[in-house]
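> I have a structure here, written as structure tokens, and I will follow up with some questions on it.
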Amino acid sequence: MMTFPVPEAIRARVFAHCESAYPEEACGILVGPEMGAPDAVFPCANIQNALHAADPAQHPRDARTAYRVDPADLFAVTRAIRGDGRVFKAIFHSHADVGAYFSDEDQRQAAPRLTLSIPAFARGEGLPEADVRARVAAGTLDGDLAVDKVSARMPTYPELVYLVVDVTRGRARGWRGFFWDDAARGYTAIALTDGNGDG
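See below:
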């Protein structure tokens, strides 16, 4: 199983931010050196309430059961680390009173289902078109050979870990990590360590 190291000081900052947002979902970004553990936490605004208020049909959930990182915060983090050798390492959010799991909604947001031509999907995945067609024919990949299309979940940030914090009755009780699994075409659980190799 893949592991993701998170130093205790980083975990504590994430948990504090998530507790402060309760009973709504909190969110943010972890950054760090490309080859190492995260070394900074950037709490972000959850704009889900604004999206819900503006268009409840398109965004039926409010911030108690969903999150959307403010794009302005994503740009601010990008500017803050530009040129300093650090990269985005993880996106975190909390769940209020339901446990730390990667929900169907989390899967949809992190990897929306797209319909692509078979050649475009093959290029994007670095696969030979013949392999993609064979997977569609075998039924292991959703698609239609007659119209040369594939319908598949495509991760927005396949290189990032997603962290979900369980906040129950206002207290962070634990967290779990998830990473994109090409074979499963979805996010699967990974082990989190304390940055020293310990769980």
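Here the sequence shown is numbered in our numbering, starting from 1230 and rising by one per residue.
Glycine residues also receive a C-beta, built at the ideal position from the N, C-alpha and C atoms.
Would you mind working out which of A1292, A1269, E1358 and G1372 sits nearest Q1277, comparing C-alpha positions?
Checking every option, the nearest Cα to that of Q1277 belongs to A1292.
> Roughly how many angstroms separate the alpha carbons of C1359 and D1411, rounded to a whole number?
Before going on, a small fix: residue 1359 reads as Ala here, not Cys. Computed Cα separation, rounded: 18 Å.
> Measuring only the C-alpha atoms, how far is G1512 from V1396?
No statement about residue 1512 is possible, as the shown extent of the chain runs from 1230 to 1428 and does not include it.
> Give me the residue from P1262, G1257 and A1420 with the minimum Cα distance to G1314.
Answer by Cα proximity: P1262.
> My understanding is that N1390 touches V1243, with C-beta atoms under 8 Å, so please give their C-beta distance in whole angstroms.
Looking at the sequence shown, residue 1390 is not Asn but Val. In fact, because the Cβ distance is near 12 Å, the residues do not count as touching under 8 Å.
> Check this for me: beta carbons of T1294 and L1421, under 9 Å apart or not?
No, the Cβ-Cβ distance between T1294 and L1421 is not below 9 Å.
> Roughly how many angstroms lie between the CA atoms of F1271 and D1373, to the nearest whole one?
Straight-line Cα distance between these residues: approximately 42 Å.
> With L1303 as the anchor, note down where its alpha helix (DSSP H) starts and where it stops.
P1300 to I1310 is the span of the alpha helix (DSSP H), which, as asked, contains L1303.
> Have a look at P1236 and M1264 and give me their C-alpha separation to the nearest angstrom.
Looking at the two C-alpha atoms, the distance is approximately 14 Å.
> Taking 9 Å as the threshold (C-beta atoms), are W1409 and A1351 in contact?
Taking 9 Å as the Cβ cut-off, A1351 and W1409 do not qualify as a contacting pair.
> Taking all protein chains shown into account, decide if V1327 is buried (16 or more other Cβ within 10 angstroms of its Cβ) or exposed.
It counts as exposed.
> Nearest to S1332 by alpha carbon, out of P1300, I1239, R1405 and M1230?
Considering only alpha carbons, the answer is R1405.
> Only counting the same chain, and skipping five residues up and downstream in sequence, which positions put a Cβ closer than 7 Å to that of R1297?
Answer for R1297: N1275, I1276, Q1277 and L1280, listed in chain order.
> With P1348 as the anchor, note down where its alpha helix (DSSP H) starts and where it stops.
That run of the alpha helix (DSSP H) goes I1347 to E1354.
> Nearest by alpha-carbon distance to R1335: which of G1415, A1283 and S1346 is it?
The amino acid occupying residue 1335 in the given sequence is Asp; Arg does not appear at that position. With distances taken between Cα atoms, D1335 lies closest to G1415.
> Less than 9 Å between the beta carbons of T1344 and K1378, yes or no?
Going by C-beta atoms, T1344 is nearer than 9 Å to K1378.
> If you follow the alpha helix (DSSP H) that H1246 is part of, which residue opens it and which one closes it?
Its alpha helix (DSSP H) spans residues E1237 to A1250.
> Tell me the residue span of the alpha helix (DSSP H) that contains V1365.
Its alpha helix (DSSP H) spans residues E1358 to A1367.
> Is it right to say G1257 is buried, meaning 16 or more other beta carbons lie within 10 angstroms of its own, or is it exposed?
Under this definition G1257 is a buried residue.
> Roughly how many angstroms lie between the CA atoms of L1370 and R1382, to the nearest whole one?
Going from the Cα of L1370 to the Cα of R1382 covers about 10 Å.
> Within its chain, find whatever has a CB closer than 7 Å to the CB of D1299; leave out the 5 residues flanking it on each side and keep chain order.
Only C1273, A1274 and I1276 meet the Cβ criterion.
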